[in-house]
Amino acid sequence: VSERSNLRLLVLAVLVASLLGTLVIRTFYLQVITGETYRVAAADNTIREVVEPAVRGLVLDQAGRPLVSNRTSVVVTVDRQTLHQEKDNGAAVVVRLAKILDLPVAKITERLANCGTEGAKPPPICWNGSSYQAIPVATDVDTQTALTIMERRSDFHGVAAKLQAVREYPAPFNVNAAHLLGYLGPVTQEQIEAEGNSTDPNRLRITDVVGRTGLENQYDAELRGDPGITTLAVDTAGHVTGTLGSQAPTAGDYIVTSIDAHLQSVVEKQLVAAVERAHEQGYPGKSGAAVVVDVHTGQVLAMASYPTYDPSIWIGGVTSKQYKELIGSEALSSNAYQGLFAPGSTFKVISTAAAGKEGYSLYGDYPCPSQVKVGGQTFRNYESSSYGRISLARAIEVSCNTVFYGLAERMWKAAGGPDAGKNAPDPVAETAKLFGLGSATGIDLPGEAVGRVSSRAFKQSNWEAMRDTWCANAAAGYPETRKTDPKLADYYTALDKENCTDGNQWRAGDALNAVIGQGDTAVTPLQMAMVYAAVANGGKLYQPQVAKAIVSASGQVVKEFKPVIKSRVTVPKATMTFLRRTLPGVTTEGSAETPFAGFPLSQIPVASKTGSAQVTGSNVSTSWFTSYAPANDPQYAVVMMVTEGGTGSKTSGPSVRKIYESLFGISGTSVNPRNSVLVGGKPETSLPTVESDGTVIGPRGRKSGVGTGGSIAARRGAG
Amino acid sequence: MSTIFTAERAVKPFQRGAVGGYWRDMDWILLIAAFAVTVFGSMLVWSASKADMASPNDSTSFLKRHLINVIIGVALGFVASRLDYRWLRAYTPIIYGISVFLLVLPFVPGLGTRVAGARAWIDLPGGMTIQPSEFAKVAVILMMAVLLSEKRDVGSEPRDRDVLLSLGVAIFPILIILLQNDTGTVLILGSVALSIIAVSGARTRWVIGLLGGAAIGILLAIQLGLLKSYQVQRLTSFINPSGDVSDASYNANQARIAIGGGGMFGYGLFQGPQTQGKFVPVNESDFIFTVVGEELGFVGAFVLILLLGIVLWRAVMIAWHADDLYGRLVATGIVAWLAFQMFENIGMSLGIMPITGIPLPMVSAGGTSMMATWIGIGLLQNVRLHGARAGA
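The listed protein sequences correspond, in order, to chains A and B. According to our numbering, the stretch in the first sequence is residues 1 to 719, in order. According to our numbering, the stretch in the second sequence is residues 720 to 1111, in order.
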């Protein structure tokens, strides 16, 4: 062997060694120095989640009757993974499936296309869920078809028929309760964006449906439960290579409400009756609301709004035509807690309380002329009636405006009259705020209207915001209106001119309007119910609540909502006593006498106040009827109102009477608590029980038919 | 040719001598290292094939087939280590002839299988396939060694005629393999031929000329578009690691994600998401290095390279200590073959070599490669044992 050979072998050896060294250095560089970035890339590559939504919780009434439940629907799903393993990519299976489901083939293929892919139809036709999730192609399939599909598995590779929970409204006693319950809708883009990069397994996903309004929205997180999540390892071809983790879904919690389905149905019917009464008198009677609360807890026992809609319309998605109709009818929002109206004379309890606070005699006599003139304006009584000198109590009974005008003028002058400063006292507005007007009641329903109180401060701030517009309008002189109606244009221009220069001034006329619940004051019927409840219970302003408790699908009480006193109305005790002594007189010998004629008031005295609030733009007043009963031992506050409905007494009064009759079990003049719509004659204090199998037992041990929906919830919940 | 046949009559195929000497003089470090690499490789093959969709019911079916190949390979290696030198030299032309014949077979319609664009497999009954280019490597080494070590005075360089002849012996199969689109094997055979000619002591102008020829060949290949631009880019990315390989192919990307993701200690055997998700193509053979990289991390990858290094170190030592030129050239050829094949295979997983479909010796699945490599190990032992006997 030559030296040359040795040398060249040595060179080869060194070359080999350096090649190996290169490999080690490169490996070290990739793995140790830049490894982390690749680790992230690998994780993105391989993990896919399959989400099985949990069965949504039920909404129960106080007796355990389901107001919202689930029914089972047979759903046919297609798993594209399996389908694509077929020789023809599953085309034959789809054709067979279309035939048995009696659907066009195109309908199924369109459904199987991923949203955003070429040729895909817009959602909800295309599939916007995970590629690894079986896609539902038909719901409410009849059992026979489902069985055929399951039997002929070889013909239907990748097709499955399974039971799915769909929202259902059992409507005990034909209740509607649409505005209380709310509805579901697909999650919005904003909600998804709000989740950010959350990795919480219970986060909202693009395929989720969520509560849009009402209780479904308020308690969405509780009702929704925790979805079942299977984490799959997936290869490049999209084949599932293994299961990395699996979490079974946890069924959503049940919401037990203080609503009584039976009472709710009575209240809904009576609200419609009141509206019809308005129509009979030839009034528009466009909308209305009714509220029943427990004065000792603030719990809402019934709450209705007119017009309403059928909550089941949302199941399976509403068409745009239906949606437009709903929006047009203004049925979507609740007048009971989202509508704002002038309270009219029902506000007088607050005016009285303000007068009492300011030291005016509650038992003195006051003049009740047919009209008063203040600041060049004439303020009249209803139908210009006059009663001479009457007591304050009588003024409330007959709803004499001029007595209150007199009080308002005195209070306005005491505060400084026209020379009062910005921060001069404003006793009526302050008392209204004490009773919770102009602020949210805090009810556990979304989108509550706050309202406002006519006051010196509101006028000032409103003027600051509007001054520029008013001044501009005054200068322009309403040229458009002038073309058709020069007189109206003159009136508008004069009004704006005045507003422009001293629209911030709290005039005597403003004080007079405010004292009878007119002017800028706007309230929700629910706020008025809480005002009368506070009068009834001696000054406790409760936060109204619809939910009493959250109970898990397996029966544990997760949370009980105790009554919450929002604030105490700091009005002299004597004034409160005066109000409680006076209001029953309204029913016995005042403005509410007619509707309660023949009502056993000796056994169930009813404290009430009627209201006929004037509204600009209409010559028909808003009919109000506010009340509580029994007046000697208050239990319920009932408020009803109908817009453009006429007087409180004629339109709403008879319906409120009917509500009391059903609450107390009155027929004719006999009172029998056992005939009450409330089981046991009073609001339930204990909770219904959710059994481990999902059935609900009412607090009084009666089995309430929950139906199949309940049993699905329980099965999933236990699993 | 007649001399060969007379030699056959005179020589028996196997060496005589005590079996005790065989076991005593064997290179144990080489054997143990080769075994260790094979066992290590089997483990990686198991992990890579576990989640294979081809055998969803039995996660070990692929491994079982691989282990059968290992057993056959080791047995062939044992046979190769026992062959008598003179017999081997006498029969080398026949071995070479059969190998070339097998190389042509895949072109016969009905016999060949195209795998990933390379027509390099022969179908056997029962679903087995063989890759004749693997055996061709052994045959070329043996044939060149015979030609370059024959009819010479000790210490003299090979005549130009011998060099030319041995070049022809190498180029003929290289051309066939080029037609099969198997560029990886071409590169390896070229390196093997160059190494053998260099170590044979051929005049320096031969070595320089061949090196220059190879360089021109590669440049021409790039120029004519035979190498894809990303392969060129990847080659240059080795020189300039920060260079962006944005248009690198999917395979290369997935391979690097797998290896990079392994970090220092890896995800653990059978736990690599890229490996188990089959994100890296053919990771039981061509991209097997991604399995060790991802699942056992840098530590595992280093141990594997170290074991391969030990095999190469022992092979170089056997070449160095060979008592005749024939033995040295055989050992040198095997060193060059294994070293360049390892570098090409691991290098392509690391993104520093063009992607060509060649297995990692003794690690990758693939029966023919496993058998050929163990024959190579056996031949190395044979060279060493020959020297030990001559020295004794």
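Don't be surprised by glycine CBs; every beta carbon is placed ideally from N, CA and C.
Chain A contact for Glu853 (chain B) (CB, 9 Å cutoff): At a cut-off of 9 Å between beta carbons, Glu853 (chain B) makes no contact with chain A.
Closer than 9 Å to chain B by CB, Ala41 (chain A): Output row for Ala41 (chain A): interface = yes.
Neighbourhood of Pro525 (chain A) by C-beta, 8 Å cutoff - its chain only, sequence neighbours within 5 removed: Taking C-beta separations shorter than 8 Å and ignoring five residues to either side along the sequence, the partners of Pro525 (chain A) in its chain run Ala289, Ala290, Val291, Asn335, Ala336, Tyr337, Gly339, Phe341, Val639, Met640, Met641, following chain order.
Exposed unless 16 or more other CB atoms sit within 10 angstroms - verdict on Arg924 (chain B): Its Cβ having fewer than 16 others within 10 Å, Arg924 (chain B) is exposed.
Buried versus exposed, by CB contacts within 10 Å (16 or more), Asp253 (chain A): Residue burial is scored here from C-beta neighbours: Asp253 (chain A) has at least 16 other C-beta atoms within 10 angstroms and is therefore classed as buried.
Ala967 (chain B) - DSSP class collapsed to helix/strand/coil: Residue placement at Ala967 (chain B) is poorly supported in this model, since its pLDDT is 41, which falls under 50; the coordinates still yield a value, given next. In the three-state reduction of the DSSP assignment, Ala967 (chain B) falls in the coil class, being assigned neither a helical nor a strand state.
Reduced DSSP category for Gly962 (chain B) - H, G, I as helix; E, B as strand; rest coil: Its pLDDT being 40, under 50, Gly962 (chain B) is placed unreliably by the model, and nothing is read from it.
Cα-Cα separation, Glu86 (chain A) to Val764 (chain B): Going from the Cα of Glu86 (chain A) to the Cα of Val764 (chain B) covers about 29 Å.
Chain A residues whose Cβ lies nearer than 8 Å to that of Leu906 (chain B): Near Leu906 (chain B) there are no residues of chain A at all, since even the closest Cβ is about 13 Å away, more than 8 Å.
Rounded distance between the beta-carbons of Ile1007 (chain B) and Ala767 (chain B), thought under 8 Å: The C-beta distance from Ala767 (chain B) to Ile1007 (chain B) rounds to 7 Å, short enough to fall under 8 Å.
Where Met528 (chain A) falls, given that 16 or more other Cβ within 10 Å makes a residue buried: So Met528 (chain A) ends up on the buried side.
Thr582 (chain A) vs Lys286 (chain A) beta-carbon contact at 9 Å: No, the Cβ-Cβ distance between Thr582 (chain A) and Lys286 (chain A) is not below 9 Å.
Beta carbon proximity, Val756 (chain B) to chain A, threshold 9 Å: So no, Val756 (chain B) is outside the interface.
Proximity of Pro699 (chain A) and Gln635 (chain A) at Cβ, strictly below 9 Å: No, the Cβ-Cβ distance between Pro699 (chain A) and Gln635 (chain A) is not below 9 Å.
Leu1057 (chain B) versus Leu20 (chain A): straight-line alpha-carbon distance, rounded: Between the alpha carbons of Leu1057 (chain B) and Leu20 (chain A) lies a distance of about 12 Å.
Test: Ser919 (chain B) CB closer than 9 Å to a CB of chain A: Taking Cβ atoms only, chain A reaches closer than 9 Å to Ser919 (chain B), which makes this a yes.
Delimiting residues of the beta strand (DSSP E) encompassing Met641 (chain A): Annotation: the continuous beta strand (DSSP E) that includes Met641 (chain A) extends over 636-642.
Leu663 (chain A) and Leu263 (chain A) closer than 9 Å at C-beta: The answer is yes: Cβ separation under 9 Å.
Trp1056 (chain B) in three-state terms, based on DSSP: When DSSP states are grouped into helix, strand and coil, Trp1056 (chain B) belongs to the helix group.
Closer than 8 Å at the beta carbon, the chain A residues around Thr1051 (chain B): Contacts between Thr1051 (chain B) and chain A, judged by CB atoms closer than 8 Å, involve Leu9, Leu12 in chain order.
C-alpha distance - Ser711 (chain A) paired with Thr143 (chain A), whole-angstrom precision: Residue confidence for Ser711 (chain A) is low, a pLDDT of 37 falling below 50, so the modelled location carries little weight; the figure read from the coordinates is stated next. Cα to Cα, Ser711 (chain A) sits roughly 19 Å from Thr143 (chain A).
Endpoints, alpha helix (DSSP H) assigned at Ile659 (chain A): Counting along the chain, the unbroken alpha helix (DSSP H) around Ile659 (chain A) starts and ends at 653-664.
Residues near Glu1003 (chain B) in its chain [Cβ-Cβ closer than 6 Å; skip 5 each side]: Apart from the 5 residues on each side of it in sequence, Glu1003 (chain B) sits with its Cβ closer than 6 Å to the Cβ of Val764, Ala767, Ser768, Ala1084 in its chain, given in chain order.
Val551 (chain A) versus A:Arg8, A:Glu560, A:Leu147, residue with shortest Cα-Cα distance: The shortest CA-to-CA distance from Val551 (chain A) to any of A:Arg8, A:Glu560, A:Leu147 is the one to A:Glu560.
Within the region 4-79 of chain A, ranges of the alpha helix (DSSP H) (whole runs, at least 4 residues): Within the region 4-79 of chain A, the runs of alpha helix (DSSP H) that reach at least 4 residues and sit entirely inside it are, in chain order, 35-46.
Start and end residues, beta strand (DSSP E) containing Phe625 (chain A): Its beta strand (DSSP E) spans residues 618-629.
Cross-chain neighbours of Glu869 (chain B) in chain A, by beta carbon under 8 Å: Residues of chain A passing the Cβ test: none, with the nearest at roughly 15 Å.
Chain-order list of residues whose beta-carbon lies under 6 Å from that of Ser370 (chain A) (same chain, five-residue window excluded): Once the five neighbours on either side are set aside, the close Cβ partners of Ser370 (chain A) are Asn381, Ser384, Ser386.
Span of the beta strand (DSSP E), counted from its first residue to its last, around Arg568 (chain A): Looking at the DSSP string, the run of the beta strand (DSSP E) that includes Arg568 (chain A) is 565-568.
When A:Arg56, A:Arg65, A:Val50, A:Thr250 are compared against Gln81 (chain A), the one with the closest alpha-carbon: Of the candidates A:Arg56, A:Arg65, A:Val50, A:Thr250, A:Val50 places its Cα closest to the Cα of Gln81 (chain A).
Euclidean distance between Cα positions of Ile1096 (chain B) and Ser2 (chain A): Between Ile1096 (chain B) and Ser2 (chain A), the C-alpha separation is close to 25 Å.
Pair within 9 Å by beta-carbon distance, Ile916 (chain B) and Met863 (chain B): When the beta-carbon positions are compared, Ile916 (chain B) and Met863 (chain B) come within less than 9 Å of each other.
Cα-Cα separation between Ala171 (chain A) and Val453 (chain A), rounded to whole angstroms: So the alpha carbons of these two residues sit roughly 38 Å apart.
Status (buried if at least 16 other CB within 10 Å, exposed otherwise) for Ala476 (chain A): Exposure of Ala476 (chain A) is indicated by the presence of fewer than 16 other C-beta atoms within 10 angstroms of its C-beta.
Neighbour-count burial assignment, Asn959 (chain B), 16 or more Cβ in a 10 Å radius: For Asn959 (chain B), the pLDDT reaches just 43, beneath the cut-off of 50, and the residue's location in the model is therefore unreliable, although a value from the coordinates is still provided. Classification of Asn959 (chain B): exposed, given that the 10 Å Cβ count is below 16.
Length of the line joining the Cα atoms of Leu7 (chain A) and Val798 (chain B): Leu7 (chain A) and Val798 (chain B): Cα-Cα distance of roughly 32 Å.
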